[in-house]
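Encoded as structure tokens, the structure appears first; notes follow it.
Residue numbers (full-length UniProt numbering): 1 to 477.
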């Protein structure tokens with residue numbers, strides 16, 4: 001070999017075999033995985049077969065199976081078949097599992113059968129991070145991101161989409177029927193062409209029959225959607241035009257100092273408005289401080305959700321979306337009218353007073369109506385309203401929203417903090433998970449996958465903060 005570095009002859013026998021532990025140095029992250037899983041009360045978390053059965057074939061210990069999965073998600077090996085291969089050739093996994101190599105079905109069944117227990121293990125690590133003093137921030141950021149499901153867009157139907165498919169299929173059948181009539185009148189090659197057209201028409205009629213079945217399913221669907229591959233996946237819009245996907249909405253609460261994910265949830269509701277209070281409750285249960293402020297974008301703005309946060313003792317900071325078309329039309333918006341609580345009235349841009357007239361209930365919310373009698377003769381009427389009078393509505397709990405708006409004005413960097421805090425973990429997770437983030441189907445299974453990804457993310461972040469050896473030692477104490 002000349003002056004090259006020479007390796008060991010693979011056929012050379014060793015008098016004493018190497019110790020497997022020699023192949024895993026003290027700074028290898030697998031030692032953290034080992035220490036973390038060994039610390040868990042698997043039976044208390046709900047893992048099946050945490051205690052061996054008295055009879056029957058011995059099962060794999062859930063600790064070993066969990067270590068296998070955590071290692072896989074930390075190293076972007078999420079597939080049960082790939083984990084099966086890695087367990088038989090990867091030295092780190094041999095060390096972690098004691099050279100056990102379960103088959104892919106056993107691996108997949110473990111993830112499916114222990115969904116809630118795996119989520120509990122993810123929460124347990126967040127609790128350990130709190131004990132390490134990593135969750136002391138009084139402010140957290142909340143956001144949601146859409147992740148693609150195992151369901152092509154062509155296999156998701158809404159009422160409008162189904163109508164287009166029915167119309168296009170019907171038109172195609174009519175067009176081919178006309179061609180078939182012309183082919184029947186031709187002499188040369190008519191038989192072969194007619195057979196091809198008849199075959200196409202038959203396939204189109206089969207598609208039409210299937211679309212009619214989907215139409216019945218749509219009528220029974222509470223949200224007006226049907227997905228054929230993953231029944232729980234839903235069509236969702238994203239921020240970029242024309243970039244919608246069929247998938248799930250992943251909610252995450254992140255603390256700003258170390259960017260650890262404090263709480264998460266997977267939902268198939270395409271918007272964020274209904275998740276503020278739920279995610280705040282999850283975050284507060286995990287955080288160490290007595291007080292908590294949550295910062296979210298305008299997609300979470302909902303009066304009832306803000307009220308629920310206030311009632312729970314959490315301070316929400318959510319900007320109000322400008323849904324009025326008045327500004328775009330060059331007219332005054334509601335923000336140009338100043339509420340005066342002393343007189344329970346509004347002061348308009350012209351200096352006139354809009355007084356309370358009556359209350360009404362819309363969508364379960366009590367609204368108070370205000371207007372002035374001088375609107376018809378006001379010199380600014382053209383910039384205010386095309387109607388006879390400008391009417392302003394006020395929710396009975398509007399003061400809570402106004403107080404939140406003032407807090408936001410006192411924190412000009414709140415939205416920058418939110419963006420720099422919560423968007424980083426989502427970007428990291430999507431980069432890890434690749435073009436097909438989820439490998440399983442159904443809301444529960446997808447939620448289990450996300451919990452494993454979040455656990456892997458938090459483990460990696462904590463290793464980066466504390467180091468392998470100190471973290472492993474802290475976990476074993």
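We put the beta carbon where it would ideally sit given N, CA and C, even for glycine. Keep in mind the model is a prediction, meaning the values are calculated, not measured.
The region 429-440 / the region 67-82 touching (three or more Cβ pairs under 8 Å): yes
Cβ shell of residue 36 (< 6 Å), same chain only, five flanking positions each side left out: Within the chain shown, residue 36 is the residue found at index 36, counting from 1. Closer than 6 Å at the Cβ level, and outside the excluded window around residue 36, lie 475.
Validate contact between the region 441-449 and the region 315-331 using beta carbons, cut 8 Å, 3 pairs: no
Given residue 482 as reference, the closest of 32, 74, 27 and 34 once Cα atoms are compared: The chain is shown from 1 up to 477; residue 482 falls before or after that span and cannot be answered.
Residues sharing a beta bridge with residue 143, DSSP: For this step, residue 143 is matched to residue 143 along the chain shown. For residue 143, which the question treats as bridged, DSSP gives the partners 252.
Check whether residue 108 and residue 446 have beta carbons under 9 Å apart: In the chain shown, the residue the question calls residue 108 occupies position 108. In the chain shown, the residue the question calls residue 446 occupies position 446. No, the pair does not count as a contact, with Cβ atoms beyond the cut-off.
The region 103-117 touching the region 64-73, judged by at least three CB pairs closer than 8 Å: yes
Nearest-angstrom Cα separation, counted from residue 235 out to residue 156: The residue you call residue 156 lines up with position 156 of the chain shown. The residue you call residue 235 lines up with position 235 of the chain shown. Rounded to the nearest angstrom, the two C-alpha atoms are 7 Å apart.
For residue 152 and residue 218, the rounded distance between their alpha carbons: Within the chain shown, numbered from 1, the residue matching residue 218 stands at position 218. Within the chain shown, numbered from 1, the residue matching residue 152 stands at position 152. One alpha carbon belongs to residue 218, the other to residue 152, and they sit about 18 Å apart.
Length of the line joining the Cα atoms of residue 14 and residue 8: Here the question's residue 14 lines up with position 14 in the chain shown. Here the question's residue 8 lines up with position 8 in the chain shown. Taking the straight line from one Cα to the other gives about 11 Å.
Residues near residue 158 by beta carbon distance below 7 Å, same chain, minus five either side: As a working mapping, residue 158 is identified with position 158 in the chain shown. The residues are 224, 225 and 235.
Residue 93 - DSSP class collapsed to helix/strand/coil: Position 93 of the chain shown, counting from 1, holds the residue named residue 93. The answer is helix: DSSP assigns residue 93 an H, G or I state.
Supposed close pair residue 117, residue 45 - CB separation, criterion 8 Å: The residue labelled residue 117 in the question sits at position 117 within the chain shown. The residue labelled residue 45 in the question sits at position 45 within the chain shown. The pair is a contact, with the Cβ atoms about 5 Å apart (cut-off 8 Å).
Which of helix, strand or coil DSSP assigns to residue 464: Residue 464 sits at position 464 when you count from the first residue of the chain shown. Reduced to three states, the DSSP call for residue 464 is helix.
First and last residue of the uninterrupted beta strand (DSSP E) at residue 226: If you number the chain shown from 1, residue 226 lands on position 226. 225-227 is the span of the beta strand (DSSP E), which, as asked, contains residue 226.
Continuous alpha helix (DSSP H) assignments of at least 4 residues falling wholly in the UniProt domain "Transposase InsH N-terminal" (19-112): 30-39, 42-45, 62-74, 80-89 and 91-97
Anticipated Cβ contact below 8 Å, residue 91 with residue 286, distance rounded: Against the chain shown, residue 91 aligns to sequence position 91. Against the chain shown, residue 286 aligns to sequence position 286. Wrong, their Cβ atoms sit about 35 Å apart, outside the cutoff.
The region 418-427 touching the region 373-385, judged by at least three CB pairs closer than 8 Å: no
Rounded distance between the beta-carbons of residue 256 and residue 421, thought under 8 Å: Your numbering for residue 421 matches position 421 in the chain shown. Your numbering for residue 256 matches position 256 in the chain shown. The Cβ separation is near 4 Å, so the contact holds.
The beta strand (DSSP E) enclosing residue 425, as first and last residue numbers: In the chain shown, the residue the question calls residue 425 occupies position 425. Taken as a continuous stretch (DSSP letters only), residue 425 belongs to no beta strand (DSSP E), being part of the alpha helix (DSSP H) at 414-433.
Straight-line Cα distance separating residue 22 from residue 1: Walking along the chain shown from the start, residue 1 turns up at place 1. Walking along the chain shown from the start, residue 22 turns up at place 22. Unreliable positioning characterises residue 1 in this predicted model, as indicated by a pLDDT of 49, which lies under 50. A coordinate reading is not provided.
With 16 other Cβ atoms within 10 Å as the buried cut-off, status of residue 41: Translated into the one-based positions of the chain shown, residue 41 becomes position 41. Residue 41 should be labelled exposed.
Limits of the unbroken alpha helix (DSSP H) element including residue 405: The count along the chain shown starts at 1 and reaches residue 405 at position 405. Looking at the DSSP string, the run of the alpha helix (DSSP H) that includes residue 405 is 398-410.
Per DSSP, cross-strand counterpart(s) of residue 261: Within the chain shown, numbered from 1, the residue matching residue 261 stands at position 261. Its beta-bridge partners are 254.
Proximity below 9 Å, CB of residue 264 to CB of residue 305: Within the chain shown, the letter at position 264 stands for residue 264. Within the chain shown, the letter at position 305 stands for residue 305. Cβ atoms of residue 264 and residue 305: not closer than 9 Å.
Contact under 9 Å by Cβ, residue 394 with residue 346: Translated into positions along the chain shown, residue 394 becomes position 394. Translated into positions along the chain shown, residue 346 becomes position 346. Yes, the pair counts as a contact, with Cβ atoms nearer than the cut-off.
Residue 465 to residue 392 span [Cα, whole Å]: Taking the first residue of the chain shown as 1, we reach residue 465 at position 465. Taking the first residue of the chain shown as 1, we reach residue 392 at position 392. The straight-line gap from Cα to Cα measures roughly 52 Å.
Start-to-end residues for the alpha helix (DSSP H) that takes in residue 307: Along the chain shown, one-based indexing puts residue 307 at 307. Run containing residue 307: 303-311, per the alpha helix (DSSP H) assignment.
Identity of the residues DSSP links to residue 294 by a beta bridge: The residue given as residue 294 occupies position 294 in the chain shown. BP columns for residue 294 point to 140 and 316.
Euclidean distance between Cα positions of residue 24 and residue 61: Here residue 24 corresponds to residue number 24 of the chain shown, with the count starting at 1. Here residue 61 corresponds to residue number 61 of the chain shown, with the count starting at 1. Looking at the two C-alpha atoms, the distance is approximately 22 Å.
For residue 156, three-class secondary structure by DSSP: Mapped onto the chain shown, residue 156 falls at position 156. DSSP places residue 156 in strand when its eight states are reduced to three.
Backbone CA spacing between residue 461 and residue 273 [nearest angstrom]: Within the chain shown, numbered from 1, the residue matching residue 461 stands at position 461. Within the chain shown, numbered from 1, the residue matching residue 273 stands at position 273. Whole-angstrom Cα-Cα distance: 29 Å.
Which of helix, strand or coil DSSP assigns to residue 1: Looking up residue 1 in the chain shown gives position 1. Note that residue 1 scores a pLDDT of 49, beneath 50, so its modelled location is shaky and nothing firm can be said.
Residue 105 versus residue 199: straight-line alpha-carbon distance, rounded: Stepping through the chain shown from its first residue, residue 105 is reached at position 105. Stepping through the chain shown from its first residue, residue 199 is reached at position 199. Their Cα atoms are separated by approximately 40 Å.
Residue 134 to residue 123 span [Cα, whole Å]: Within the chain shown, numbered from 1, the residue matching residue 134 stands at position 134. Within the chain shown, numbered from 1, the residue matching residue 123 stands at position 123. The alpha-carbon atoms of residue 134 and residue 123 are separated by roughly 14 Å.
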